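One structure below.
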């Protein structure tokens, strides 16, 4: 029997099995491979990439300490935050708060190094901290785009679509938060529709609103309907992503929101938003020191609100185009800087959030994936435990792209293999295979290959790996065109996870009642 | 004075200076920014990414030793190689050579850990080894492609064009070798035209032929005409990239070529070509052990031919598509495996070659740059000193793409910034800037920004960083379309480096005489 035939038969059997039955098999032959659910999150098997030595890390930490002690941080419109700082012994002068070196580190010791975020389907709960890596969709763009219609404002339908795409991906772990802004819903009510959509169309973990204290509270209240009040008081079930108003200002809207999450024992993610040269120094070391100062202050405030509440150290570095003045993304300076921030977060023993797959491109083209891949790899190398913006972003964070979303989700799949590292055991070392095959012969049909080939290599659903002639005969598609077909097929195949009727009704009742109590606001 | 105005004026001054005079200034306003020559090579300022622990590295090394001792390597059609091995104490049984554990490591101690490859313009000489990183174009594809005409066989004109594009890039360091096959020149003569083209159209370092012993010798002979016989005997001026006939066979064509390079004190690059599941085991650990065994044997043979000759430890791992059976590139398994190979090469104290920017895509699209960026970052993280295939490859190594070439060269520029790491000093920590700006104000016009903004951020010539509206107004181009315009402009702007007439005439005379002595062979 020819060895190649053996492999061919093996492949044929695999395909048959993969397509054989159940929901996964229904689309046999349509190119949408079955989303066998991967692990609920990744446990990394390669170390973090620590690019900076001890001496320089100490200099950055010392600079952050001096920024905190000498320049200080302003806390606006939040008297409770100021009184927390006073009680903790900070130097409060009007709105300006200064911190003795070491004070914030001491407060941060009560924050957990790792915690579980519970999903309504327990199989989808994720660990955030340590060696875990959780991929979540992009967050916050006002626009959406697809290959058919170009760019337009996002709607609640788009928002639901992206939840469905995330839920359908075996490689994303989290439903995210404001995947796009549903601009067709009033600003003061859309959080209710967004949280409901996450709970209804996904059974994975999700994020709530932070744009006003009541919206944060209402997001948490909806989680309580699903998970129960007592459970929520003792367990994290919702995240809130709050931004520093860099440089060195914490706005009351954000601190009220972060305190609402902490008070409810839910995890706030504390994220500076520093475009080098605008909201921080143009040099990376200074921007990183600033980020460390701002993030430590925000994280510490959660501990003053509720000691032991989970909190995530967030990172968002960027750069600026000197020609257009625009922010740039996926560039080398934030990529290497983020790995330094990872080192600093680990020295604080806090879970880390990084930004993932960024680009300034307006199309899902070569620029998009060059920048996106650069920034996404930086995020996983930095040791980030929660990678927001893992899928979908284009247009300098202004647009969610349907095509880029499925490309990025596919790349998240590749990263599962990458972060597994090189397995070393008797089977993988394959000494018996060398003895079997000997010199100058091929391994295609040997026993070792037959036993392992189905599981060893990542199999992209977007990449074209056919020979040129076959690719040409199949219509010369580019990746964007294949991604376009794929997201449509995925939405057509989507089935909502079950939710018990009473819970659904209670959520709908809460949303309607809360909406009815407010007048629409559109800005 | 408004701060933003200050920045605007500063930017305007910069642009004027950049475009002001000389050759660099001629294309002002045409979007082809001046290629101010970067450093002749990179000295990395971030550590290598060591993903595997000591225990597993030892297991892989032990497996390589057992492959060498128990299975052995066949040396075909090269009696001199066999007699070298006998003299060195290996177990030679017919063509099969087996090696006691440790024997090859002992022989390899005479190889230099680092050496200089000299360019005909001394400013372009490169160091290969230690912390140096050298980017060279892709190598060996029979086809070329561009956006206008699609895929076609490569010609000597294409070959010259790619040399000109490489020479014009401030971010590539090396002219490479068989950038594409010039299929319009007879197989047995094209090496003469290729080496002449490298010497004539570039003044950077280059590679010679390895496809037959006489072609290797003639390549070296042409280098002697330019550099002088004595200089070449004492210094490396040409590289030869030789492939193992994996698994575990060294073909006489390759060993004769590698011995020709070593005998002339020129550097052979020793590269296994392992597609997991075909020329090696389907599991990475076994493929890496095999690569180590094959590469050590090839490197050691250079030392038996001439003790102390420079030699480069080469790496080429790949994977296979289980659906098409095609080799795949830019996938996660080789990316993480290459970093392990980097660790193994450093433990041998040898310079490392990795493959760079790979893709299976047939277009310079999102797939191309996702895969390319993944593999290129792996190469730089692995600690590779010489990165072949840094620019141009598409179509699973079968095609050189003009558009991808300039995209990749641009990404090589980004990697200059990335490998510089985060600079930490008083200026970059920017404490004075924090004191000047204070809380809640922007850094756009502060003294620190004005002093640093021109140099801190990588400025891509391919990426579009304009706002959406400006991008739309400018014609909604994708990266491939911008790259298309860029390579044409670069070729139009190209000026050959000076070469003295006598040398040029001597080269031409040698090429003509050598060609005349042989009948054309087309296969």
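Protein chains in written order, with this note's numbering: chain Z, -18 to 504; chain F, -18 to 504.
All residues carry an ideal CB built from backbone N, CA and C; glycine is no exception.
Note that the structure is predicted; figures quoted are calculated from it, not measured.
Residue-chain proximity (residue i, chain Z), Cβ-Cβ < 9 angstroms
| i | result |
| --- | --- |
| residue 5 of chain F | Note on residue 5 of chain F: pLDDT 34, under 50, position unreliable in the model; no value is reported. |
| residue 74 of chain F | no |
| residue 154 of chain F | no |
| residue 267 of chain F | yes |
| residue 54 of chain F | yes |
| residue 408 of chain F | yes |
| residue 447 of chain F | yes |
| residue 452 of chain F | yes |
| residue 312 of chain F | yes |
Backbone secondary structure at residue i - three-state DSSP
| i | result |
| --- | --- |
| residue 452 of chain Z | helix |
| residue 468 of chain F | helix |
| residue 280 of chain F | helix |
| residue 109 of chain F | strand |
| residue 260 of chain F | coil |
| residue 474 of chain Z | helix |
| residue 427 of chain F | coil |
| residue 103 of chain Z | helix |
| residue 295 of chain F | strand |
| residue 338 of chain F | coil |
| residue 420 of chain Z | coil |
| residue 287 of chain Z | coil |
| residue 500 of chain Z | coil |
| residue 330 of chain F | coil |
| residue 74 of chain F | strand |
| residue 313 of chain Z | helix |
7 angstroms CB neighbourhood of residue i in its chain, flanking five on each side removed
| i | result |
| --- | --- |
| residue 194 of chain Z | 237, 238, 241 |
| residue 424 of chain F | 414, 418, 430 |
| residue 390 of chain Z | 150, 152, 153, 372 |
| residue 263 of chain F | 257 |
| residue 73 of chain Z | 63, 66, 67 |
| residue 219 of chain Z | 187, 188, 189, 200, 201, 204, 247 |
Proximal residues to residue i (C-beta, below 6 angstroms), its chain only, five neighbours per side dropped
| i | result |
| --- | --- |
| residue 233 of chain F | 57, 58, 59 |
| residue 254 of chain F | 224, 227, 297 |
| residue 445 of chain Z | 452 |
| residue 183 of chain F | 144, 148, 156 |
| residue 12 of chain Z | Its pLDDT being 35, under 50, residue 12 of chain Z is placed unreliably by the model, and nothing is read from it. |
Classification of residue i by the beta-carbon crowding that lies within 10 angstroms, buried from 16 upward
| i | result |
| --- | --- |
| residue 267 of chain Z | buried |
| residue 308 of chain Z | buried |
| residue 39 of chain F | exposed |
| residue 493 of chain F | exposed |
| residue 133 of chain Z | exposed |
| residue 489 of chain Z | exposed |
| residue 383 of chain Z | buried |
Within-9 angstroms CB hit, residue i to chain F
| i | result |
| --- | --- |
| residue 421 of chain Z | yes |
| residue 8 of chain Z | Caution is warranted here: a pLDDT of 31 is assigned to residue 8 of chain Z, below 50, making its placement in the model unreliable, and the coordinate value is therefore given only provisionally. So no, residue 8 of chain Z is outside the interface. |
| residue 296 of chain Z | no |
| residue 517 of chain Z | Only positions -18 to 504 of chain Z appear in the structure, and residue 517 of chain Z is not among them; the question remains open. |
| residue 40 of chain Z | yes |
| residue 343 of chain Z | yes |
| residue 484 of chain Z | no |
| residue 352 of chain Z | yes |
| residue 493 of chain Z | no |
Cβ-based neighbour list, residue i, same chain, cut-off 8 angstroms, excluding 5 preceding and 5 following
| i | result |
| --- | --- |
| residue 342 of chain Z | 348, 349, 352, 375, 376 |
| residue 359 of chain F | 315, 316, 317, 319, 320, 335 |
| residue 86 of chain Z | 277, 329 |
| residue 172 of chain Z | 189, 190, 192, 196, 199, 200 |
Residue i Cβ short of 8 angstroms to the ligand ATP heavy atom set
| i | result |
| --- | --- |
| residue 56 of chain Z | The ligand content of the structure shown is nil, which means the ligand ATP is not present either. |
Beta carbon proximity, residue i to chain A, threshold 9 angstroms
| i | result |
| --- | --- |
| residue 317 of chain Z | The structure shown contains no chain A; the protein chains it does contain are Z and F. |
*Could you name each continuous alpha helix (DSSP H) segment of 4 residues or more that falls completely within the region 24 to 65 of chain Z, going from the start of the chain to the end?*
Qualifying alpha helix (DSSP H) stretches, in chain order: 35 to 47.
*Tell me the start and end of each unbroken beta strand (DSSP E) in the region 112 to 176 of chain F that is at least 3 residues and wholly inside, in chain order.*
At a cut-off of 3 residues, the continuous stretches assigned as beta strand (DSSP E) that sit fully inside the region 112 to 176 of chain F are 113 to 116, 124 to 127, 131 to 134.
*asked:* Ignoring anything shorter than 3 residues, give me the beta strand (DSSP E) runs that lie fully in the region 182 to 254 of chain Z, in order along the chain.
replied: Counting only runs of 3 or more, we get 220 to 224, 248 to 252.
_3 or more residues per run - each beta strand (DSSP E) lying fully within the region 354 to 433 of chain Z_ = Runs found: 367 to 369, 380 to 382.
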